[in-house]
Amino acid sequence: MVTGTVTVDRYGVMGYPVSHSRSPVIHRLFALQTGQSLQYELLRVTAEKLEEAVRQFQRTGGKGLNVTVPHKRAVCRLVDQLSERASTAGAVNTLAFQDSEIFGDNTDGIGLLRDLVVNLGLNLDSANILILGAGGATRGIVGPLLEMRPRTLRIANRTLKRAEDLVERFERMGPVTACRFNVIPVSESYHLIINATSAGLEGETPPYPAAAVSEKTFCYDLSYGIKPTPFSIWARDHGAAHSVMGWGMLVEQAAESFHIWRGVRPDTKAVLKQMSISA
Ligand code: ATR
């Protein structure tokens, strides 16, 4: 008897560590909702094994990957064709395998903007924005935030040089400046403060600039958790008008990846609701 094998399109998220990732749950919910048949795996891959793991996934029929910490920059060199936004960011979070070619994109920025502007109703035109952190996460969001025409966008980082390097990369796009945490100018209050440091992952609360928060400030943490993150607690304790964790961005960036792979856009509101209930 010949048994036929049903081949299901394979996707996954590659990172290190990666066990905490909610991407498999989100993509399964998207697949269920849109009637797509696919499988989505967690792939724990160290920096040394990244290239080998990507090539093997492609060779064995994988259709697409999400790439997360710490590989978002390193994976750029494996890509044959880079989207404009990924090239501007110098970081990739989505790979699509098309024939023998690898296409690289970055959906982090659009994911954040969808959450801020569509889901949360923020108007960033002429806003004063402060980003804390100057790592891979910041790279993906600076360009899309500048496209919203803020009055100022300041990047504050523990290591000034990394913030200055990002200013050099993005200054042609808009009014972006760099500083250290402890010398953030606060002559005008910030409408939006985004925590893009990974300090919370280690349970740390660096000396974030308390004077930058007013009762008008919207604080957004790119990190998320079942319990409030250290930054979201800090923001609430310092009188921010709103303190939100990055569940919305997580679901929105995933939806954009899903659209790149499957050509279908899932309803993120329904999935976000399911995620926050299961959180
Ligand atoms: P990611 O891809 O998550 O952005 P990353 O590229 O390693 O990760 O960047 C981590 C960011 O968090 C950096 O801005 C880092 O500051 P430095 O550039 O000074 O290293 C910041 N960060 C991590 N732990 C921190 C801590 N305990 N206090 C302050 N900043 C911290």
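Those letters in the sequence shown? Residues 271 to 549, per my numbering, in order.
Just so it is clear, CB atoms sit at the ideal spot from N, CA and C, and this is done for glycine as well.
| Check | Outcome |
| --- | --- |
| Delimiting residues of the beta strand (DSSP E) encompassing isoleucine 496 | Per DSSP, isoleucine 496 belongs to no beta strand (DSSP E) and is neither H nor E. |
| Beta-carbon proximity of serine 493 to threonine 364, cut-off 8 angstroms | no |
| Stretch-stretch touch, CB-based, cutoff 8 angstroms, three pairs: the region 412-426 with the region 381-395 | yes |
| Contact check, valine 283 vs leucine 312, beta carbons under 8 angstroms | yes |
| Local conformation of valine 272 per DSSP, three classes | Low confidence applies here, because valine 272 scores a pLDDT of 43, under 50, leaving its location unreliable and the question unanswered by this model. |
| Alpha helix (DSSP H) segment containing glycine 379, residue limits | 378-383 |
| When Gly403, Ala323, His529, Val362 are compared against lysine 342, the one with the closest alpha-carbon | Val362 |
| Pairwise C-alpha distance: asparagine 398 and valine 534 | 35 angstroms |
| Straight-line gap, arginine 384 to valine 412 (C-alpha atoms, nearest Å) | 14 angstroms |
| Selection from Ala510, Ala540, Arg439, Ala525 that minimises the alpha carbon distance to serine 459 | Ala510 |
| Coil, strand or helix - valine 521 by DSSP | helix |
| Nearest-angstrom Cα separation, counted from threonine 447 out to glutamine 523 | 26 angstroms |
| For methionine 515, three-class secondary structure by DSSP | strand |
| Close Cβ partners of alanine 356 (< 7 angstroms) along its chain, the five nearest in sequence each way excluded | Val362, Gly374, Asp375, Asn376 |
| Short Cβ contact (8 angstroms threshold) for aspartate 557 with glutamine 303 | This structure cannot settle anything about residue 557, because the visible part of the chain is limited to 271 through 549. |
| DSSP three-state assignment for leucine 308, whether helix, strand or coil | strand |
| Closest by C-alpha distance to alanine 404, when choosing among Cys449, Pro477, Ser513, Cys489 | Cys449 |
| Any non-hydrogen atom of the ligand ATR within 7 angstroms of threonine 229 CB | Since the displayed the chain opens at 271 and closes at 549, residue 229 lies outside it and no answer follows. |
| Contact check, leucine 308 vs valine 324, beta carbons under 8 angstroms | no |
| Beta carbon of valine 541 nearer than 8 angstroms to that of phenylalanine 300 | yes |
| Which of helix, strand or coil DSSP assigns to lysine 486 | coil |
| Cα-Cα separation between asparagine 336 and phenylalanine 327, rounded to whole angstroms | 12 angstroms |
| Extent of the continuous alpha helix (DSSP H) to which alanine 505 belongs | 500-507 |
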